[in-house]
Amino acid sequence: MKILVVGASGVVGKAVVANLSQRHHVLQASRSQSPFKVDMTSPTSIRALYEEVGSVDAVVAATGHVKFAPLENMSDADYRIGLNDKLMGQVNLVVLGIPYVASGGSFTLTSGILTDEPILGGTSASMVNGALESFTRAAAIELPRGLRINIVNATVLEEALGRYGEFFAGIEAAPGHRVALAYQRSVEGRQTGQVYYVR
Ligand SMILES: NC(=O)c1ccc[n+]([C@@H]2O[C@H](COP(=O)([O-])OP(=O)(O)OC[C@H]3O[C@@H](n4cnc5c(N)ncnc54)[C@H](OP(=O)(O)O)[C@@H]3O)[C@@H](O)[C@H]2O)c1
122 MKILVVGASG
132 VVGKAVVANL
142 SQRHHVLQAS
152 RSQSPFKVDM
162 TSPTSIRALY
172 EEVGSVDAVV
182 AATGHVKFAP
192 LENMSDADYR
202 IGLNDKLMGQ
212 VNLVVLGIPY
222 VASGGSFTLT
232 SGILTDEPIL
242 GGTSASMVNG
252 ALESFTRAAA
262 IELPRGLRIN
272 IVNATVLEEA
282 LGRYGEFFAG
292 IEAAPGHRVA
302 LAYQRSVEGR
312 QTGQVYYVR
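With the numbering used here applied, the sequence shown covers 122 to 320.
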């Protein structure tokens with residue numbers, strides 16, 4: 122399969138690329154560190170990425186920035202960071218990508234454990250993750266030509282503990298290669314509208 126992975130240079134994206142590239146032709150995209158460049162906050166940039174890569178069999182989004190801060194300090198602008206980047210970036214990647222994904226192909230999005238397990242400073246992350254999971258279930262019944270969509274809700278990766286470990290006290294991490302299996306299941310399987318949990 123020809124698979125577009127956005128966020129390929131990140132902690133999650135690297136694990137996904139390591140898995141999928143064993144069996145597929147993977148096109149790696151991200152904001153600045155990958156061969157294909159895209160800014161997920163810009164629909165124009167997402168359109169240009171699809172024009173550049175052309176038809177694909179699957180699209181994986183392993184990206185999404187949100188603001189972490191105490192609830193009382195969160196401003197309207199702070200929430201809009203997550204809405205514009207993690208939420209609408211992935212939503213636009215799906216909606217704008219429909220004409221470019223081959224019949225029976227798939228979209229795989231990324232939420233995370235904060236949908237279900239709130240942490241201090243994580244209101245934006247939890248909110249956006251929940252919205253993405255609801256979008257996935259709803260889009261699954263409308264996508265044309267047998268296109269599929271699933272989302273991966275993973276715990277913190279072992280490879281990210283250095284960066285995020287203190288926020289996830291007492292939450293068990295998973296190695297990237299195990300998280301990547303959920304993306305593989307979505308891309309290579311036949312299910313749609315699923316939230317794949319990795320704990
Ligand atoms: N890390 C974890 O433990 C974990 C666990 C569960 C879920 N998640 C979720 O997985 C997603 C990725 O997390 P991560 O830890 O892998 O992040 P990361 O290591 O910071 O990597 C982020 C990736 O997204 C790209 N990116 C950032 N902003 C972008 C933009 N505006 N347009 C296009 N690409 C952009 C980066 O590209 P450049 O390198 O080119 O800048 C990089 O490839 C997030 O939604 C996160 O919530 C992470």
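Here a beta-carbon is modelled for each residue, glycine too, at the ideal position from N, C-alpha and C.
All values reported here derive from a predicted model rather than from experimental measurement.
- [ ] Look up Leu230 in the DSSP assignment and say whether it is helix, strand or coil.
- [x] strand
TODO: Look at the alpha carbon of Leu217 and the alpha carbon of Arg306, and state the distance between them as a whole number of angstroms.
DONE: 23 Å
- [ ] With DSSP as the reference, please indicate the residues paired to Asn213 in a beta bridge.
- [x] In DSSP, Asn213 forms no bridge with anything.
Open item on the list: Quick check: what's the CA-CA separation for Ser142 versus Leu148?
Closed with: 9 Å
Task: beta strand (DSSP E) segment containing Lys123, residue limits - done: 123 to 127
- [ ] Keeping to the same chain, check which residues put their C-beta closer than 7 Å to that of Gly128; ignore five residues upstream and five downstream.
- [x] Gly134, Ser151, Ala182, Ala183, Thr184
Task: Meets three-Cβ-pair contact criterion under 8 Å: the region 255 to 271 and the region 208 to 225 - done: yes
Task: CB contact flag (Gly267, Ser224, <8 Å) - done: yes
Task: CA-to-CA distance, Pro239 to Arg201, given in whole angstroms - done: 19 Å
Task: Beta bridge counterpart(s) of Arg269 as assigned by DSSP - done: Ser227
Task: Cβ-heavy atom distance, Ser130 to ligand 1, below 7 Å - done: yes
Task: Residue-level contact to chain B via CB, Ala246, 8 Å cutoff - done: Absent from the structure: chain B. Only one protein chain is present.
- [ ] Run the proximity test for His298: is its beta-carbon closer than 7 Å to any non-hydrogen atom belonging to ligand 1?
- [x] no
Task: Member of Ser196, Ile234, Val249, Glu193 whose CA lies at the smallest distance from the CA of Asn274 - done: Ile234
Task: Neighbourhood of Ala301 by C-beta, 6 Å cutoff - its chain only, sequence neighbours within 5 removed - done: Ala136, Val137, Asn140
- [ ] In angstroms with no decimal places, state the Cα-to-Cα distance between Leu204 and Arg299.
- [x] 28 Å
TODO: Kindly examine ligand 1 and report whether one of its heavy atoms sits closer than 7 Å to the Cβ of Lys188.
DONE: no
- [ ] Would you mind stating whether Gly251 and Phe189 have Cβ atoms separated by less than 8 Å?
- [x] no
Task: Inter-residue Cα distance where the pair is Ile167 and Val187 - done: 19 Å
Task: Segments of 4+ residues assigned as alpha helix (DSSP H) that fall wholly inside the region 130 to 164 - done: 132 to 141
Task: Buried/exposed call for Leu192, threshold 16 Cβ in 10 Å - done: exposed
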